[in-house]
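Here is the structure we will look at, set down as structure tokens.
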Amino acid sequence: MYSEVIFWPLISMLVFTGLTPFVVYLGERRGNKGVGGYWSAASFAVALYLLYQVYLQVASSPKGYLEYYIYAPPVGVMFYVDLISIFFSAVFIFLGFVSAIHSTRYMERDTGLGAYYALLQLMTLGMVYVTFTGDLFNLFVFWEVMAISSYVLVAFRKELWEPVEAGLKYLVMSGAGSATMLFAMSLIYGLTGSLNFVYVSEAFRSMQPTPLHYLAIAMLVVAFGIKAAAFPFWTWLPDAHPAAPSPISAMLSGVVIKTGVYGILRVIFLLFPLAMFHYGAMLFMMAALTMTIGNIGALLQRDIKRLLAFSSVAQIGYILVGLAAAGYGCLVDGLASAMFHVFNHAIMKGLAFLAAGALIYRLETRSLDDLAGVGRKMPISTVSLTIALFALGGVPPLNGFMSKWYLFMSAIDGGLWLLAVIGVINSAFSVAYYLWVFQRLFLAPPSKLVEEHAREAPAPILIALLMLVIIVFAVGVYPQPIISFARTAVQTFLVNFQITYLA
């Protein structure tokens, strides 16, 4: 087994990131402001290919994972890659690829593009590193790489007050989460003498639960919950996501907040065995309140990106339904359905923000009143946005319907009938405001702005949209490959770490 293959996609992305400012500088000297986007897309494409090589090694490993120690455990830094790591990393990198293509034209009016594209790649690299780590120290370091990059990207258009204010709010909230994570790490190290996932898990299995253990769980849930924008830590998201450039909004909503989900799935379910620690009720409450508050907030918006941002809060609530089901004993189906919706939401919300970005690129407004009737002038962009909205609402035969079906069935299998009912009601409620957006875009009389300035978006933007539209339909019609991969990944994870519900 060649564990060094773990580093191939990481080193590739690091090299591309380091060269990005020089490539953008040379391209701009020749009058090509889109070169950074194509260079970044190439970086992500190479990383996806190398990630596939890692997958082949993981799949052929008798243990079902690869590990690499920089220093010997229990203290040492460890890299650990299994199918869950591959799943999340592939989603992160692919959406980065699509966002880079979209950025080639969307960002052409901006300056400082060398920094923009370098930060886009660095943020994605940080997310991939987070999924590749096998210890809390490594996770914290690369969590901060991802976080700092995302702060700067939110406030990228620093000449405007809104991005700066949103970036500062994001920094304060996320910084509080990082501090909480660091305190939890200190507590865990004090209890076990290690930060290695495997050693900590084994140490906790040999202990009786104490208030300190539950304090560590609570602090980690706070840290990961802030990044995921789960209740009650969601308040930064409706400001940060609309203020960022639309390709960054797609990344923030589509994948960055999923690192919080990854943290709960990987760290909490691994370190704190359900046979000893009971946190299903906490996840139940977070799921119910997160999806309800997100949908109520979205209903009140007349800014398309702010509506999509609140929708992201609601979608995190649906993902938490799967985690709550796992917390009540439906481990495989609960975690697998949560992963399935992580994938689907990345595609759906990426499509929604990028399609909204196409409208904003032409009309320079986020107001749904000003976007009235735009479907007649920009049919491809507007139909793409509509498909994304209906997929988010769970309308068949789109991919959102399939993952919501699996989520609610896992809740029922875990005995959480009430949570499943709350989820179905919320999903139906969301369709109502998505239909209102559809009515504004297609059936309302065109606004003066639309009449005078609307025309279809440039080809690179449309190509990015069409790639995601194809996946929305393909996974909706044939979800088996994704859900099967997720189930296999979860089963391998549970077996390798002997995670069960009952003692």
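Read left to right, the sequence shown gives residues 821 to 1323 (the working numbering). Think of the CB as a built atom: it goes at the ideal place given N, C-alpha and C, for glycine as much as any other residue. All values reported here derive from a predicted model rather than from experimental measurement.
Exercise for the section: Indicate whether L1218 and G1114 have their beta-carbon atoms separated by less than 8 Å. Expected result: no
Exercise for the section: Determine, using beta carbons only, whether F1104 and A1146 come nearer to each other than 8 Å. Expected result: no
Practice task
Tell me the start and end of each unbroken alpha helix (DSSP H) in the region 1021-1074 that is at least 4 residues and wholly inside, in chain order.
Solution key: 1031-1048, 1057-1063, 1066-1071
Practice task
Output yes or no for whether 8 Å exceeds the beta carbon distance between G1149 and F1130.
Solution key: no
Practice task
Drop a sphere of 10 angstroms on the beta-carbon of P983, count the other beta-carbons inside from all chains shown, and report buried for 16 or more, exposed for fewer.
Solution key: buried
Practice task
Starting from L886, follow its DSSP beta bridges and name the residues at the other end.
Solution key: V901
Practice task
Sort out for me which residues DSSP pairs N958 with in a bridge.
Solution key: DSSP output for N958 lists no bridge partner at all.
Exercise for the section: Measure the C-alpha to C-alpha separation of V965 and V948 and round it to an integer number of angstroms. Expected result: 11 Å
Exercise for the section: Evaluate contact between the region 853-864 and the region 948-960, counting only Cβ atoms and requiring at least three cross-stretch pairs below 8 Å. Expected result: no
Practice task
Report the residue from I1124, F962, P1280, G1142 whose alpha carbon sits nearest the alpha carbon of F899.
Solution key: F962
Problem - Cα-Cα separation, L1171 to G1100 - result: 32 Å
Practice task
Kindly list the residues whose CB is nearer than 8 Å to the CB of I890, restricted to its own chain and excluding five residues on each side of it in sequence; keep chain order.
Solution key: G896, V897, M898, F899
Handout entry: For Y990 and W1056, believed in contact at Cβ under 8 Å, the rounded distance
Key = 5 Å
Problem - Supposed contact pair L1143 and I1180 - C-beta distance, whole angstroms, cut 8 Å - result: Not confirmed; about 34 Å, so no contact.
Practice task
Could you tell me whether the region 1260-1274 touches the region 904-921, using the rule of 3 or more Cβ pairs below 8 Å?
Solution key: no
Exercise for the section: Would you mind sorting A1323 into buried or exposed? The rule is 16 or more other CB atoms within 10 Å of its CB. Expected result: Model confidence at A1323 stands at a pLDDT of 39, short of 50, so the residue's coordinates are unreliable; what they give is reported in the following sentence. Its Cβ having fewer than 16 others within 10 Å, A1323 is exposed.
Exercise for the section: Label F842 either buried or exposed according to how many other C-beta atoms from any shown protein chain fall within 10 Å of its C-beta, with 16 as the threshold for buried. Expected result: exposed
Exercise for the section: Compute the distance between the beta-carbons of G916 and M1106, then report whether it is under 8 Å. Expected result: no
Exercise for the section: Measure the Cβ-Cβ separation of V1215 and V1251 and say whether it is below 8 Å. Expected result: yes
Exercise for the section: Can you tell me which of F1293, M1001, T1308, L1091 puts its alpha carbon nearest to the alpha carbon of Y1012? Expected result: At residue 1012 the sequence reads Thr, which differs from the Tyr that was named. Closest option to T1012, Cα to Cα, is L1091.
Exercise for the section: Name, in chain order, the residues that DSSP records as bridge partners for N1016. Expected result: D955
Problem - Nearest-angstrom Cα separation, counted from V874 out to G1195 - result: 43 Å
Handout entry: Buried/exposed call for M1159, threshold 16 Cβ in 10 Å
Key = buried
Practice task
Rounded to whole angstroms, what's the CA-CA distance from Q941 to A1108? Just pull it up for me.
Solution key: 34 Å
Practice task
Quick one: give me the first and last residue of the alpha helix (DSSP H) that A1309 is part of.
Solution key: 1300-1316
Problem - Residues near A1023 in its chain [Cβ-Cβ closer than 6 Å; skip 5 each side] - result: T1012
Problem - Assumed close pair N1316, G884 - CB separation to whole angstroms, cut-off 8 Å - result: 6 Å
Problem - Minimum C-alpha distance to V1244 - residue among G1137, Q1311, G1010, H1273 - result: G1137
Exercise for the section: Tell me whether L1015 is buried or exposed, calling it buried when 16 or more other Cβ atoms sit within 10 Å of its Cβ. Expected result: buried
Handout entry: One or two residues paired with D1123 in a DSSP bridge
Key = S1187
Problem - Of the residues L1002, D1059, V1075, the one placed nearest L1127, counting alpha carbons only - result: D1059
Practice task
Under the assumption that I1283 contacts I968 (Cβ atoms under 8 Å), give the Cβ distance between them as a whole number of angstroms.
Solution key: I1283 to I968, Cβ: 31 Å. No contact.
Problem - Neighbourhood of A1309 by C-beta distance below 6 Å, restricted to the same chain and skipping five residues each side - result: L903, I904, F907
Problem - Sub-8 Å separation of L1191 and V1289 beta-carbons - result: no
Problem - Range covered by the alpha helix (DSSP H) that runs through I1084 - result: Note, I1084: premise wrong, no alpha helix (DSSP H); not H, not E.
Practice task
Give the straight-line distance between the Cα atoms of G987 and K1047, rounded to the nearest whole angstrom.
Solution key: 14 Å
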